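Residue numbers (this note's numbering), protein chains in the order written: chain A, 1 to 369; chain B, 1001 to 1278.
We treat Cβ as the ideally placed atom computed from N, Cα and C, and that holds for glycine.
Note that the coordinates shown come from a computational prediction; the quantities given were computed from them, not determined experimentally.
Please read the structure below before turning to the comments.
Laid out in structure tokens, this is it:
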């Protein structure tokens, strides 16, 4: 079990995301350089990356990145047995790591490329829902095993260290993707451990987050009703599940989801025209338990889309930049400038208003089909 | 578990970084590309101690607190010219110096600034002029959230913040003194989007050009008529603004002053005085 540190550090996390909207893949060098620029936003207690378009050779299979705490052999055996019973495992291997990297006590990381083998009642579930159910089983039932990413053609690499250390550990610069998000952690209320680093992931949804979610308890209980169980001891986890529920299962667009998670204040709704007033009031009534309170900025990605969103009064920063097909989101403008000095446009959205990057249709087909 | 102070870890001593500065008489040019936050500020201080009175900083990219470590006996005032993107808390606690930025600034410009001047040829992020207590800040474009939060004044020391564009929410929140002028020069439909302007304000004045609905104002501010001395003050301020940025954006002093300004002042000096007292 992880013991929380009893002292508390006040700082900010660092977020960065970059997407090539033409679907062109590029290596992790750019995102590592950007994170180095924001080095002081973290304290070495967490860093991580999400990469999309990562495994084109296995793009039809779910890729599970599994973390085995303390190299617990029983946990690894149990995961193998469980996956073998519930999936076709087409390929599996240890995730290559660099032993010389500046990290302490890394757990074991293993990746499995799998195809669902549904039996009995599970046959009624969609593939995605089936995978979520099995991921939740591993996270809650198998001691010391955590699935840190579970989407197709994407993956999460994360751990305790500065982002540049984690990048070195996983040799991030060898990988290629068309969306990269990254996080540098300064843990506030929850322990700094390998599973608690960002990004958080379910299926191909990933979230990196700066801030703290004071509505965590309410959000967590609401999500449990839909089969999502929070096991990673960090508030950000609820965000990943909220996006999966609202966007994948309920098929709401981010423009609406933004107004559920970060709804306008009632006194602002009061001054809207009747149509909008009705919409915003309805959203607040139906989805009250998913209002995310407290200071937060997130960068969220799934195949084909990356977006940034802040709490409604923007208590944590975000800056967006554009250069041709590239869209950048960052905690600080300087990190964008460090990797792309001449931007076409740079701006900061209002609190609760998402900045959305979407891949063009043709490129999306290339990536997911 | 390994805890690292990411500000101080690996900071080099002056003799290792002096090579990044070129001092010629009263002018020092610093290449900031490979300098960390503290290194850049240490080096700026060293240059001034060696006689420089103008510091030109090239390739700045995210270094924080620029100008903060330059506290000297009265009379030593330097000009700092920045190319690139200075990091958070630019000119925090600034003591009498003049900072000119050719580029955008980030969050916390002029945090608790004491005196001097900051001129940004671009935009700035959140909490510009937070707790500022003297001097002047001019921002050419727009600013983010909570601009001039808890800005203050004392007797003849009245800080001034002038913004060419617009501001996001909570402009002048808990403002206790000073003057904020929002010119709205880049508004597309003439309307500011900012809500909660002057929430908790209990001192100072906000002058606002461009349209704002009543409900965009905090409960603690009121709109009052402009008087002769307000216009005289604005004339000086706008002239100074045009002097700084007239070469880069289309500005016409008479045109700006020819339009309506809203003057916002607090309704009471102690808006929350009764909350805890019965």
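So with Cβ pairs under 8 Å, would you call residue i a contact of chain B?
{"i": "residue 40(A)", "result": "yes"}
{"i": "residue 167(A)", "result": "no"}
{"i": "residue 332(A)", "result": "yes"}
{"i": "residue 153(A)", "result": "no"}
{"i": "residue 338(A)", "result": "yes"}
{"i": "residue 187(A)", "result": "no"}
{"i": "residue 44(A)", "result": "yes"}
{"i": "residue 254(A)", "result": "no"}
{"i": "residue 313(A)", "result": "yes"}
{"i": "residue 198(A)", "result": "no"}
{"i": "residue 210(A)", "result": "no"}
Alpha carbon to alpha carbon, how far is residue j from residue i? Give it in angstroms, no decimals.
{"i": "residue 65(A)", "j": "residue 203(A)", "result": "11 Å"}
{"i": "residue 286(A)", "j": "residue 1093(B)", "result": "47 Å"}
{"i": "residue 1028(B)", "j": "residue 1017(B)", "result": "14 Å"}
{"i": "residue 1067(B)", "j": "residue 1055(B)", "result": "10 Å"}
{"i": "residue 1216(B)", "j": "residue 1238(B)", "result": "25 Å"}
{"i": "residue 212(A)", "j": "residue 1076(B)", "result": "43 Å"}
{"i": "residue 98(A)", "j": "residue 353(A)", "result": "40 Å"}
{"i": "residue 232(A)", "j": "residue 195(A)", "result": "6 Å"}
{"i": "residue 1014(B)", "j": "residue 37(A)", "result": "22 Å"}
{"i": "residue 56(A)", "j": "residue 30(A)", "result": "21 Å"}
{"i": "residue 341(A)", "j": "residue 1235(B)", "result": "37 Å"}
{"i": "residue 310(A)", "j": "residue 293(A)", "result": "11 Å"}
{"i": "residue 1012(B)", "j": "residue 1064(B)", "result": "16 Å"}
{"i": "residue 1091(B)", "j": "residue 1140(B)", "result": "17 Å"}
{"i": "residue 337(A)", "j": "residue 323(A)", "result": "11 Å"}
{"i": "residue 153(A)", "j": "residue 20(A)", "result": "16 Å"}
{"i": "residue 266(A)", "j": "residue 1130(B)", "result": "27 Å"}
{"i": "residue 1186(B)", "j": "residue 1213(B)", "result": "18 Å"}
{"i": "residue 1102(B)", "j": "residue 280(A)", "result": "42 Å"}
My guess is that residue i and residue j are in contact by the Cβ rule of under 8 Å, so how many angstroms apart are they, rounded?
{"i": "residue 1178(B)", "j": "residue 1218(B)", "result": "Incorrect: roughly 16 Å between the Cβ atoms, too far for contact."}
{"i": "residue 329(A)", "j": "residue 304(A)", "result": "Their Cβ separation, rounded to whole angstroms, is 16 Å, which puts residue 329(A) and residue 304(A) out of contact at 8 Å."}
{"i": "residue 206(A)", "j": "residue 1125(B)", "result": "Actually they are not in contact, since the Cβ atoms of residue 206(A) and residue 1125(B) sit about 26 Å apart, beyond 8 Å."}
{"i": "residue 82(A)", "j": "residue 117(A)", "result": "12 Å between Cβ atoms; not a contact."}
{"i": "residue 263(A)", "j": "residue 223(A)", "result": "Actually they do not touch by this definition, with Cβ atoms about 18 Å apart."}
{"i": "residue 1196(B)", "j": "residue 1170(B)", "result": "5 Å"}
{"i": "residue 144(A)", "j": "residue 68(A)", "result": "6 Å"}
{"i": "residue 941(B)", "j": "residue 1211(B)", "result": "Past the boundaries of the shown model lies residue 941(B); chain B is included only from 1001 to 1278, so the question cannot be answered."}
{"i": "residue 166(A)", "j": "residue 155(A)", "result": "So it is not a contact: roughly 13 Å between Cβ atoms."}
{"i": "residue 346(A)", "j": "residue 1104(B)", "result": "7 Å"}
In the DSSP output, which residue or residues are listed as bridge partners for residue i?
{"i": "residue 328(A)", "result": "18(A) and 321(A)"}
{"i": "residue 94(A)", "result": "110(A)"}
{"i": "residue 297(A)", "result": "210(A) and 310(A)"}
{"i": "residue 375(A)", "result": "There is simply no residue 375(A) to check, as chain A begins at 1 and stops at 369 in what is shown."}
{"i": "residue 1031(B)", "result": "1058(B)"}
{"i": "residue 63(A)", "result": "113(A)"}
{"i": "residue 1083(B)", "result": "1102(B)"}
{"i": "residue 180(A)", "result": "18(A) and 51(A)"}
If we define contact as Cβ-Cβ less than 8 Å, is residue i a contact residue for chain A?
{"i": "residue 1228(B)", "result": "no"}
{"i": "residue 1207(B)", "result": "no"}
{"i": "residue 1198(B)", "result": "no"}
{"i": "residue 1215(B)", "result": "yes"}
{"i": "residue 1195(B)", "result": "yes"}
{"i": "residue 1097(B)", "result": "no"}
{"i": "residue 1112(B)", "result": "no"}
{"i": "residue 1218(B)", "result": "no"}
{"i": "residue 1058(B)", "result": "no"}
{"i": "residue 1061(B)", "result": "yes"}
Anything in chain B within Cβ reach of residue i, meaning under 9 Å, just list it in chain order.
{"i": "residue 242(A)", "result": "Going along chain B, no residue has its Cβ under 9 Å from residue 242(A), so there is no contact; the nearest lies around 24 Å."}
{"i": "residue 351(A)", "result": "1145, 1168 and 1169"}
Strictly below 8 Å CB to CB, what residues from chain A border residue i?
{"i": "residue 1104(B)", "result": "333 and 346"}
{"i": "residue 1007(B)", "result": "40"}
{"i": "residue 1087(B)", "result": "332 and 334"}
Using a cut-off of 8 Å between C-beta atoms, extract the partners of residue i located in chain B.
{"i": "residue 98(A)", "result": "Within 8 Å Cβ-Cβ: nothing; residue 98(A) doesn't reach chain B, min ~17 Å."}
{"i": "residue 271(A)", "result": "1213 and 1215"}
Taking C-beta pairs closer than 9 Å, name the residues in chain A that residue i reaches, listed in chain order.
{"i": "residue 1242(B)", "result": "In chain order: nothing, as chain A lies at least about 25 Å away."}
Please list, in chain order, the chain B residues whose beta carbon lies closer than 7 Å to that of residue i.
{"i": "residue 183(A)", "result": "Neighbours of residue 183(A) on chain B: none; closest Cβ ~15 Å, over 7 Å."}
{"i": "residue 317(A)", "result": "1107, 1125 and 1126"}
{"i": "residue 268(A)", "result": "1195"}
{"i": "residue 370(A)", "result": "The structure shown has nothing for residue 370(A), since chain A only spans 1 to 369."}
Identify the contact partners of residue i in chain A, using a Cβ-Cβ distance below 7 Å as the criterion.
{"i": "residue 1037(B)", "result": "40"}
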